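First comes the structure, then the notes that go with it.
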Amino acid sequence: MRYCNLLRNISNWPLYLKVKFDLARHDPLRFTTRQGVRIEVPRRLLQTFKEIFMDECYMKDLAFPLPENPTILDIGANAGYFSLFALSRFRGARVFSFEPIPANFRLLERNRDLNPGLPWFCVPKAVAGRSGDLILAFDGGDDFTTSATVMGGDSGQKDRIRVPAVTIPEILDEHGLKRCDLLKMDCEGAEYGILYHCPPDVLARIDRIAMEVHGGPGADQNIDSLEAFMQKEGFATRQRPVGMLSAWRGEKSDG
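For what it's worth, our numbering labels the leading residue of the sequence shown as 180, then goes sequentially.
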């Protein structure tokens, strides 16, 4: 299925095979989707690219298809690969991407600049349960990171950075969004504060959530507790052993 998705999503898919068999050595790599969306992928982020465009990890468990012209929030956007996937798959989509780490945001901007004219709004901020400054732990020795986390004391990351943070209610209000058709999150532990502190009337405006869940030190900072919370808020849910949790409004999944 991974290679079927590669062929389905990427027009210059032979480039991936050349990289896999060490027949292409340039860095970064440039892929183009079937819809003409261009993607710049440093080799160190190829695994992230594969998870999104080949595994379709954020989409496979959602029970209902997205509507036409969906509104999508991408929290923890990193270099923007899920945003690019969504903009390619759902041509009428509006995507709002949030990425607080400056090095990552530069890659995000680079991919946005490769695709002028797309309804893609990139914001250099974190998303959290409360607005204000947030301290993230990360590995500052890297040009970019996929593991900046709010769980500083338990993460093993050595460096710290102070970043501005906004909440889901503030995002919806600032951008005039009545509903969110899909909320994607990969925010290394911030998902608990984001969802647990989100008012019920705001959660009711979110129709689908796809997220990677990271275990934390708190009693309610685990995937089972988060799933129970989402069910209490009216979502049907499904989780995978790899830490992926999907939630949607509608009938419960049959497994």
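All residues carry an ideal CB built from backbone N, CA and C; glycine is no exception. The structure displayed is predicted, hence computed values, not measured ones.
Look up S334 in the DSSP assignment and say whether it is helix, strand or coil.
Here the question's residue 334 lines up with position 155 in the sequence shown. Low confidence applies here, because S334 scores a pLDDT of 48, under 50, leaving its location unreliable; read the following figure in that light. S334 falls in the helix class under three-state DSSP.
Expected contact under 8 Å - CB spacing of A307 and I373 to nearest Å
Position 128 of the sequence shown holds residue 307. Position 194 of the sequence shown holds residue 373. Contact flag correct, Cβ pair sits at about 6 Å.
So D253 and K363 are in contact, right, with Cβ under 8 Å, and what is the actual spacing, rounded?
Counting from one through the sequence shown, the residue named residue 253 turns up at place 74. Counting from one through the sequence shown, the residue named residue 363 turns up at place 184. That belief holds up - the Cβ atoms of D253 and K363 are roughly 5 Å apart, short of 8 Å.
Among residues of its own chain, excluding the 5 on either side of G271, which ones have a beta-carbon nearer than 6 Å to its beta-carbon?
Taking the first residue of the sequence shown as 1, we reach residue 271 at position 92. Closer than 6 Å at Cβ, skipping near neighbours: E247, N248.
Using DSSP's beta-bridge definition, name the partner residues of C301.
In the sequence shown, residue 301 corresponds to position 122, counting from 1. DSSP, once it has assigned bridges, lists S276 as partnering C301.
Using 8 Å for Cβ pairs, my map puts E219 next to N184. What's the rounded Cβ distance?
Counted from its first residue, the sequence shown places residue 219 at position 40. Counted from its first residue, the sequence shown places residue 184 at position 5. So it is not a contact: roughly 20 Å between Cβ atoms.
Anyone know if the C-beta pair for G429 and F243 falls short of 7 Å?
For this step, residue 429 is matched to residue 250 along the sequence shown. For this step, residue 243 is matched to residue 64 along the sequence shown. Yes.
Can you check DSSP and say which residues form a bridge with T250?
One-based indexing of the sequence shown puts residue 250 at position 71. Residue pairing by DSSP places T250 opposite R273 in a beta bridge.
Do you know whose CA, among W299, R339, R289, E353, lies nearest A512's CA?
No answer is possible for residue 512: it lies beyond the span of the chain, which begins at 180 and ends at 434.
Close-in-space but distant-in-sequence residues of the same chain around V198 (CB under 6 Å, 5 per side omitted)
In the sequence shown, counting from the first residue as 1, residue 198 sits at position 19. Counting only Cβ-Cβ distances below 6 Å, and skipping sequence neighbours, we find nothing.
My assumption, with CB atoms under 8 Å, is that L313 sits in contact with A282. Please give the rounded CB distance.
For the purposes of this step, residue 313 is taken as residue 134 along the sequence shown, with counting starting at 1. For the purposes of this step, residue 282 is taken as residue 103 along the sequence shown, with counting starting at 1. Contact between L313 and A282 does not hold, since the beta-carbon distance rounds to 17 Å and is not under 8 Å.
Would a C-beta distance cut-off of 7 Å place L424 and I402 closer than the cut-off?
Taking the first residue of the sequence shown as position 1, residue 424 is located at position 245. Taking the first residue of the sequence shown as position 1, residue 402 is located at position 223. Yes, the pair counts as a contact, with Cβ atoms nearer than the cut-off.
Helix, strand or coil, according to DSSP, for V216 in the structure here?
Sequence index remark: in the sequence shown, residue 216 carries index 37 (1-based). Assigned with DSSP and collapsed to three states, V216 falls in coil, not helix or strand.
Local Cβ density within 10 Å of P279, reported as buried at 16 or more and exposed below that:
For the purposes of this step, residue 279 is taken as the residue at position 100 of the sequence shown. So P279 counts as buried.
Enumerate in chain order the residues of its own chain whose CB-to-CB distance from R291 is below 6 Å, with the five nearest sequence positions on each side excluded.
Mapped onto the sequence shown, residue 291 falls at position 112. If we look at R291 and ignore the five residues flanking it on each side, its Cβ neighbours are W299, C301.
Between the beta-carbon of T211 and the beta-carbon of R217, is there less than 7 Å?
Stepping through the sequence shown from its first residue, residue 211 is reached at position 32. Stepping through the sequence shown from its first residue, residue 217 is reached at position 38. Taking 7 Å as the Cβ cut-off, T211 and R217 qualify as a contacting pair.
Residue burial classification, L196 (beta-carbon count within 10 angstroms, cutoff 16)
For the purposes of this step, residue 196 is taken as the residue at position 17 of the sequence shown. Exposed.
For A305, collect the residues of the same chain with a Cβ closer than 6 Å to its Cβ; drop the 5 residues on either side in sequence, then sort them by chain order.
As a first step, residue 305 is located in the sequence shown; it is residue number 126 there, counting from the start. Same-chain partners within the cutoff: P279, L313, V342, A344.
Relative to the alpha-carbon of G375, which residue among I189, L287, R358, P348 has its alpha-carbon at the smallest distance?
In the sequence shown, the residue the question calls residue 375 occupies position 196. Checking the sequence, you will find Tyr at residue 375 rather than Gly. Checked all of I189, L287, R358, P348; the closest Cα to Y375 is P348.
Who are G311's beta bridge partners in DSSP?
For this step, residue 311 is matched to residue 132 along the sequence shown. Per the DSSP secondary-structure output, G311 pairs in a beta bridge with A344.
Our contact map puts E367 next to L405 with C-beta atoms below 8 Å; I'd like the distance itself, whole angstroms only.
On the sequence shown, residue 367 is found 188 positions in, with the first residue counted as 1. On the sequence shown, residue 405 is found 226 positions in, with the first residue counted as 1. Rounded, the Cβ-Cβ distance is 14 Å, inconsistent with contact.
Can you tell me which residues form a DSSP beta bridge with M390?
As a position in the sequence shown, residue 390 is number 211, starting the count at 1. DSSP lists M364, L424 as partners of M390.
Going by DSSP, what residue range makes up the alpha helix (DSSP H) through L225?
For the purposes of this step, residue 225 is taken as residue 46 along the sequence shown, with counting starting at 1. L225 -> alpha helix (DSSP H) spans 225-232.
Would L287 and A258 qualify as a contact pair, given that the criterion is a beta-carbon distance under 7 Å?
In the sequence shown, residue 287 corresponds to position 108, counting from 1. In the sequence shown, residue 258 corresponds to position 79, counting from 1. With respect to A258, L287 sits close: the two C-beta atoms are nearer than 7 Å.
Return the first residue and the last residue of the beta strand (DSSP E) that F408 is part of.
Locating residue 408 in the sequence shown gives position 229, counting from the first residue. Counting along the chain, no beta strand (DSSP E) covers F408; the unbroken alpha helix (DSSP H) around it starts and ends at 402-411.
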